[in-house]
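In this text, residue positions in the sequence shown follow the numbering used here: the first is 20, and each later residue adds one. The C-beta atom is built at its ideal place from N, Cα and C for all residues, glycine as well. Scroll down for the structure; my scribbles are underneath it.
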Amino acid sequence: MRKVITYGSFDLFHEGHYNLLKRAKALGDYLIVGVTTEQYDEARGKLNIIDSLDKRIENVRQTGFADEIIVEDHPGQKVEDVQKYNVDVFTVGSDWTGAFDYMKQFCEVVYLERTKNISSTQVRNDRHPIIRIGVIGTGRIAVRFVPEAKYVSGVMVNSVFNPNLESAKEFGQKFELDMATDNFNDLMTEVDAVYIASPHQTHYDYAKRAIENGKHVLCEKPLAFKKAEAEELFDLARQHNVVLLEAIKTAYCPGFVQLVGLAKSGVIGKICDVEACFTRLTSPEMRERTDTEYGGGFTEFGSHTLLPIMKLMGTDYKEVRFDSIKDENGIDLYTKASFVYENGMALSKSGVGVKSEGQLLISGTKGYIIAESPWWLTQYFEVRYEDPSKKDRYFFKFLGQGLRYEISDFAYMIQGHQGRSYKFTEKESIAIAGVMEQFLAKRRVDRDSSKQ
Ligand code: CTP
């Protein structure tokens, strides 16, 4: 019996897939089809898989060509499978010509001619018009956004807005955008969605105006400095039927998503305490150190540290207490925010003028999870127990600057797909705005009382 094996994502099953499977089957007597998991696809840079693994397997099964269907979930698996299943022929479409020549040491390799003018990417794009994104603000993060968006199919950054026209033009030229403007209304005519990366205190206002214009909004952290403002924005988004997402990139990266899932699955027992730290020494001339109203360690990095706290301990804390070390101008160089929960606690440490170990530590009744710096770009974490010899290690890919994950989820939601909003919920976003509000209120009170 001649055994043939082939692999693919088989997303949005189309004629090209059908033809490929038919021809693959014709190469032998028994066809094994490997269907990739979403996680594996993400790790190799395919971020936009739409159909679930079940559905993709079912579609392959329905062709009737596959004698056996397996799941592919890690690099190197092809080499294992070919030997394990005693395969005679390895085959894929001609778009992969050359890429699998290394398999020739194990079996025959056949590149089958690809069906022209059809691909999952094309079906995805045909189903949904390209989402045109305008960037608001041209600072440090905005510069990272445009190259990252190129990795997400279905979106295109086409324009930029900055009240300073020169900055907008410079940015527009750098990234070859169609429009660079200082006129917000003009921007609104050119886009379906915006990415807000302007100074923190302008986020709420721009988000509101964009939503009122019927645009989807991906807004850099912090979405708002007041709980009521965050609530208002989410209500408005609902009324206008648009997607609003706060861009804390950690929330959307695969390693962090799995860390949260694992922690909640009970491996460390009941979660009792979360400690998250993020500090970056910033020079005294930088906005983070000079903006006495909105600068400082907590407003800058608190969103990062609050994310795992809200996700793992929940948004219903009983109390929060802030302790800060302040600069002469009153901004916090370092802040500890301590949360008390019904039967647990959490600590956020953030700073722009004090350096500490940037780690995420989740303590439970059976063990703990530790993710070392930079845990916010989650690539690795460990689950540890009372018995120090028992240790589970988890590794992940974190591609590029990581913004592609949030952009991918944003696009997915705009296209009307459900099921990704759990990564960072409206409730969690609103709760973080609420903590920011309490922090800033305290800072104002402290400042006023020190003046008296
Ligand atoms: N394939 C093909 N003809 C097409 C599209 C795909 O022969 N028009 C083959 C691929 O070469 C591969 C298999 O089908 O051997 C599964 O491919 P997959 O990557 O799942 O499909 P694509 O449509 O290429 O997906 P994408 O656009 O996401 O890359």
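Segments of 4+ residues assigned as alpha helix (DSSP H) that fall wholly inside the stretch 45-124:
Whole alpha helix (DSSP H) segments, 4+ residues: 57-62, 72-82, 96-103.
Any chance the stretch 429-449 sits against the stretch 329-337, with 3 or more Cβ pairs inside 8 Å?
Cβ pair count under 8 Å is three or more, so yes.
Can we count Thr140 as close to the ligand CTP, meaning its CB is less than 7 Å from some heavy atom?
Thr140 has its Cβ nearer than 7 Å to a heavy atom of the ligand CTP.
Would Tyr130 pass as a contact of Trp115 if the rule is Cβ separation under 8 Å?
At the C-beta level, Tyr130 and Trp115 come within 8 Å of one another.
Excluding five sequence neighbours on each side, which residues of the same chain lie with their C-beta closer than 6 Å to the C-beta of Asp211?
Hits under 6 Å: Ile150, Arg151.
Rounded to whole angstroms, what is the Cα-Cα separation between Tyr413 and Gly112?
A straight line joining the alpha-carbon of Tyr413 with that of Gly112 spans about 33 Å.
Measure from the alpha carbon of Cys296 to the alpha carbon of each residue in Glu312, Thr311, Glu319, Arg143, then state which is nearest.
The candidate whose alpha carbon is nearest that of Cys296 is Glu319.
Per DSSP, what kind of secondary structure is Gly333 in: helix, strand or coil?
Gly333 sits in coil when the DSSP states are folded into three classes, being neither helix nor strand.
Taking all protein chains shown into account, decide if Ser468 is buried (16 or more other Cβ within 10 angstroms of its Cβ) or exposed.
Exposed: under 16 other Cβ atoms inside 10 Å.
Closest Cα partner of Ala45 within the set Asp60, Ala62, Lys368, Ile24
Of the residues Asp60, Ala62, Lys368, Ile24, the one whose Cα lies closest to the Cα of Ala45 is Ile24.
Going by beta carbon distance, what residues of the same chain come within less than 8 Å of Glu312, once the five residues before and after it are set aside?
So the list reads Gln220, once near-sequence residues are dropped.
Residue range of the alpha helix (DSSP H) that Met432 falls in?
Bounds of the alpha helix (DSSP H) holding Met432 are 422-433.
To the nearest angstrom, how far is it from the Cα of Gly438 to the Cα of Val276?
The alpha-carbon atoms of Gly438 and Val276 are separated by roughly 13 Å.
Count the other C-beta atoms from every protein chain shown that fall within 10 angstroms of the C-beta of Met305, then say buried if there are 16 or more, exposed otherwise.
With fewer than 16 other beta carbons inside 10 angstroms of its own, Met305 counts as exposed.
Beta-carbon spacing of His222, Ala243 below 8 Å:
Taking 8 Å as the Cβ cut-off, His222 and Ala243 qualify as a contacting pair.
With burial defined as no fewer than 16 other Cβ atoms inside 10 Å of the residue's Cβ, what is the status of Thr384: buried or exposed?
Its Cβ having fewer than 16 others within 10 Å, Thr384 is exposed.
Distance between beta carbons of Cys126 and Val106, contact taken as under 8 Å:
With 8 Å as the limit, Val106 and Cys126 qualify as a contact, their Cβ atoms being about 5 Å apart.
Can you tell me which of the three DSSP states Arg412 falls into?
Of the three classes helix, strand and coil, the one that applies to Arg412 here is strand, per DSSP.
Report the rounded CA-to-CA distance for Val101 versus Leu66, giving the unit in angstroms.
Computed Cα separation, rounded: 27 Å.
Can you list the beta strand (DSSP E) stretches of 3 or more residues lying completely in the stretch 214-270, in chain order?
Correct list: 235-239, 263-266.
So if DSSP puts Phe180 in a beta bridge, which residue, or which two residues, is it bridged to?
Partner(s): Ile155, Thr200.
Could you tell me whether the Cβ atoms of Asp351 and Phe317 are closer together than 8 Å?
Cβ distance < 8 Å, so Asp351 and Phe317 count as in contact.
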